[in-house]
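Chains as they are written, first to last, in the working numbering: chain R, 2 to 292; chain Z, 143 to 304. Where a beta carbon is used, it is the ideal one built from N, C-alpha and C, also for glycine. This report refers to the structure that appears directly beneath it.
Written out as structure tokens, the structure reads:
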């Protein structure tokens, strides 16, 4: 047995999970699909006295199309997100990004909420949540609250949730109108964490001007990143006047904590990141223009 | 830190055990059920050798605690062949195509491919390669493995047992 000993809790309702977390405080960790947490436990990079398994809390699982948005329960597996027709029509970017997460065996266990609460800067769902202005629904025995994605991610593997709080679900806004979405990643092998990647959404008005755009960046910071300054510069311009390579360069400007390690220097990652943004932008804008 | 009861079905046989929560499903299968066909390579979710089916879904048994499988129906490599010993279509294809060298990774490949072809009976070559990407063969025998999956897929498409 490789992980250190822990006590196991398996609540069956959200309220019970919140009660357990309130009682145990910092010594407890929520176990969702376990595809990131269990390796950390096996390598003893993380040690917890208590694990609170939310796998039996069925109210945390599900996908619902609501007025102008899509709600996904935190405990919903990535495999279910990938296969959902509701997700494909409401938030196509989620459907397209999901196959990049690990391998199908990982996605059978891994959950949407687990990925977002783990807040890995190289992961796919945090980048999409940030880029699309998703809302995180968080609960504790003190009450429920909603947190905007821009206020949620707080550093490497860190969020602004308190130790007694549980992520219950995420709401993604639905874009209608003339939209295009694309994901590009560069990884040495399919399923690896990407050297760099980008998720792009573009919405055009009837005159082919950019009404809004969203550029999420994968593996390009110590926290999930969004190219907000680049987006602001692009909105209002005619899509035909925008060169994808320029979007790539714009999106890399101002990134302050690009990883620099044996998988790639910061400079290399910036060049790869610019290329990924450019490719995703080209694909998304073509889809927005021509459907 | 006490033990926790678990009840699950492994290859059709019901099991009731008391386990430490930190016991992985992989160790449970190998040490409690004596089903040592499930191999452990990396023990942190990278190599795929320990893949089993939990309620039909291919998962890494090293990334799941046995307590999480309470109530589940688990199939290991020992449960793939028919009771009289006839190999499954996937197993036979691995044998026919020399889809194994040392054989250490083979149980993981067979379990993953069994689930993959059930869900995707007519895969493209690209889909097969993606499906195989989650399991590592350190003998690098991927060409034979790929051919085996292609053969098993084609056999399944022609109405044979899979």
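Checklist entry - If you draw a straight line from the alpha carbon of residue 192 of chain R to that of residue 98 of chain R, how long is it in whole angstroms? => result As a first step, residue 192 of chain R is located in the first chain; it is residue number 191 there, counting from the start. As a first step, residue 98 of chain R is located in the first chain; it is residue number 97 there, counting from the start. Here the alpha carbons of residue 98 of chain R and residue 192 of chain R stand approximately 12 Å from one another.
Checklist entry - Comparing alpha-carbon positions, which option in R:137, R:167, R:119 lies nearest residue 158 of chain R? => result On the first chain, position 157 is the one that residue 158 of chain R refers to. Closest by alpha carbon: R:119.
Next on the checklist: Here's the rule: buried if 16 or more other CB atoms are within 10 angstroms of the residue's CB, otherwise exposed. What is residue 240 of chain Z?
Outcome noted: The residue you call residue 240 of chain Z lines up with position 98 of the second chain. It counts as exposed.
Checklist entry - Of all the CB atoms in chain Z, is at least one closer than 8 Å to the CB of residue 7 of chain R? => result Position 6 of the first chain, counted from the start, is the residue given in the question as residue 7 of chain R. At least one chain Z Cβ lies under 8 Å of residue 7 of chain R.
Item to check | Distance between beta carbons of residue 211 of chain R and residue 201 of chain R, contact taken as under 8 Å | outcome: Looking up residue 201 of chain R in the first chain gives position 200. Looking up residue 211 of chain R in the first chain gives position 210. Not confirmed; about 11 Å, so no contact.
Next on the checklist: Rounding to the nearest angstrom, what Cα-Cα distance links residue 287 of chain Z and residue 268 of chain Z in this structure?
Outcome noted: Start at 1 with the first residue of the second chain, and residue 287 of chain Z comes out as number 145. Start at 1 with the first residue of the second chain, and residue 268 of chain Z comes out as number 126. Going from the Cα of residue 287 of chain Z to the Cα of residue 268 of chain Z covers about 14 Å.
Checklist entry - Distance, Cα to Cα, residue 249 of chain R vs residue 128 of chain R? => result To locate residue 249 of chain R, count along the first chain from 1; it is residue 248. To locate residue 128 of chain R, count along the first chain from 1; it is residue 127. Between the alpha carbons of residue 249 of chain R and residue 128 of chain R lies a distance of about 16 Å.
Item to check | C-beta neighbour in chain R for residue 162 of chain Z, strict 8 Å | outcome: Position 20 of the second chain, counting from 1, holds the residue named residue 162 of chain Z. Yes, because at least one Cβ of chain R sits closer than 8 Å to the Cβ of residue 162 of chain Z.
Next on the checklist: Let's test the definition: count the other Cβ atoms within 10 Å of the Cβ of residue 149 of chain Z and tell me whether it reaches 16, buried, or not, exposed.
Outcome noted: Looking up residue 149 of chain Z in the second chain gives position 7. Taking all protein chains in view, the Cβ of residue 149 of chain Z is surrounded by fewer than 16 other Cβ atoms within 10 Å, so the residue is classified as exposed.
Item to check | Close Cβ partners of residue 246 of chain R (< 7 Å) along its chain, the five nearest in sequence each way excluded | outcome: Position 245 of the first chain, counting from 1, holds the residue named residue 246 of chain R. The residues are 279.
Next on the checklist: Let me check understanding here. Comparing Cα to Cα, which of Z:172, Z:191, Z:266, Z:156 lies closest to residue 251 of chain Z?
Outcome noted: Looking up residue 251 of chain Z in the second chain gives position 109. When the alpha-carbon of residue 251 of chain Z is set against those of Z:172, Z:191, Z:266, Z:156, the nearest one is in Z:191.
Item to check | Rounded straight-line distance, which links the Cα of residue 41 of chain R to that of residue 309 of chain Z | outcome: An answer regarding residue 309 of chain Z cannot be provided, because it is not within the stretch 143 to 304 covered by chain Z.
Item to check | Secondary structure of residue 107 of chain R, DSSP reduced to three states | outcome: Taking the first residue of the first chain as position 1, residue 107 of chain R is located at position 106. In the structure shown, residue 107 of chain R sits in a helix (DSSP, three-state: H, G or I).
Item to check | C-beta contact flag for residue 209 of chain R and residue 240 of chain R at 8 Å | outcome: Your numbering for residue 209 of chain R matches position 208 in the first chain. Your numbering for residue 240 of chain R matches position 239 in the first chain. Yes, they are a contact pair.
Item to check | Straight-line gap, residue 207 of chain Z to residue 232 of chain R (C-alpha atoms, nearest Å) | outcome: On the second chain, position 65 is the one that residue 207 of chain Z refers to. On the first chain, position 231 is the one that residue 232 of chain R refers to. Rounded to the nearest whole angstrom, the C-alpha separation of residue 207 of chain Z and residue 232 of chain R is 44 Å.
Checklist entry - How big is the Cα-Cα spacing for residue 302 of chain Z and residue 195 of chain Z? => result As a first step, residue 302 of chain Z is located in the second chain; it is residue number 160 there, counting from the start. As a first step, residue 195 of chain Z is located in the second chain; it is residue number 53 there, counting from the start. No answer about residue 302 of chain Z holds up, because its pLDDT of 49 lies below 50 and its placement is not dependable.
Item to check | Near-chain Z residues of the region 105-132 of chain R - C-beta to any C-beta below 8 Å | outcome: The region 105-132 of chain R vs chain Z, Cβ under 8 Å: 105, 106, 107, 109, 110.
Checklist entry - Looking at residue 147 of chain R and residue 162 of chain R, is the spacing between their C-beta atoms short of 8 Å? => result Taking the first residue of the first chain as position 1, residue 162 of chain R is located at position 161. Taking the first residue of the first chain as position 1, residue 147 of chain R is located at position 146. No.
Next on the checklist: Less than 8 Å between the C-beta atoms of residue 244 of chain Z and residue 281 of chain Z, yes or no?
Outcome noted: Numbered from 1 along the second chain, position 102 holds the residue referred to as residue 244 of chain Z. Numbered from 1 along the second chain, position 139 holds the residue referred to as residue 281 of chain Z. Closer than 8 Å, so yes.
Item to check | Separation of residue 296 of chain Z from residue 286 of chain R, as counted between CA atoms | outcome: On the first chain, residue 286 of chain R is found 285 positions in, with the first residue counted as 1. On the second chain, residue 296 of chain Z is found 154 positions in, with the first residue counted as 1. Straight across, the Cα-Cα distance linking residue 286 of chain R with residue 296 of chain Z is about 39 Å.
Next on the checklist: So residue 175 of chain R and residue 69 of chain R are supposed to be a Cβ contact under 8 Å. How far apart are they, rounded?
Outcome noted: Against the first chain, residue 175 of chain R aligns to sequence position 174. Against the first chain, residue 69 of chain R aligns to sequence position 68. Taking 8 Å as the upper bound for CB-CB distance, residue 175 of chain R and residue 69 of chain R are in contact here, some 6 Å apart.
Checklist entry - Can you check whether the CB of residue 133 of chain R is closer than 8 Å to the CB of residue 230 of chain R? => result Within the first chain, residue 230 of chain R is the residue found at index 229, counting from 1. Within the first chain, residue 133 of chain R is the residue found at index 132, counting from 1. No; because the gap between Cβ atoms is not below 8 Å, this pair is not in contact.
Next on the checklist: Can you give me the C-alpha to C-alpha distance between residue 152 of chain Z and residue 179 of chain Z, rounded to a whole angstrom?
Outcome noted: Position 10 of the second chain, counted from the first residue, corresponds to residue 152 of chain Z. Position 37 of the second chain, counted from the first residue, corresponds to residue 179 of chain Z. Approximately 13 Å between the Cα atoms of the pair.
Checklist entry - Residue range of the alpha helix (DSSP H) that residue 98 of chain R falls in? => result The residue given as residue 98 of chain R occupies position 97 in the first chain. 93-98 is the span of the alpha helix (DSSP H), which, as asked, contains residue 98 of chain R.
Item to check | Contact set between residue 264 of chain Z and chain R, taken where Cβ atoms lie within less than 7 Å | outcome: Position 122 of the second chain, counted from the start, is the residue given in the question as residue 264 of chain Z. Per Cβ cutoff of 7 Å: no residues; residue 264 of chain Z is ~17 Å from chain R at best.
Item to check | Within chain Z, partners of residue 35 of chain R - CB distance below 8 Å | outcome: Position 34 of the first chain, counted from the first residue, corresponds to residue 35 of chain R. The contacting residues are 205, 206, 207, 210.
Item to check | Minimum C-alpha distance to residue 194 of chain R - residue among R:171, R:91, R:126 | outcome: One-based indexing of the first chain puts residue 194 of chain R at position 193. Nearest of R:171, R:91, R:126 to residue 194 of chain R, Cα basis: R:126.
Next on the checklist: If you follow the beta strand (DSSP E) that residue 188 of chain Z is in, where does it begin and where does it stop?
Outcome noted: Translated into positions along the second chain, residue 188 of chain Z becomes position 46. Where residue 188 of chain Z is concerned, there is no enclosing beta strand (DSSP E), given that its DSSP letter is neither H nor E.
Checklist entry - If the cut is a Cβ gap below 8 Å, which residues of chain Z does residue 17 of chain R touch? => result The residue given as residue 17 of chain R occupies position 16 in the first chain. Near residue 17 of chain R there are no residues of chain Z at all, since even the closest Cβ is about 17 Å away, more than 8 Å.
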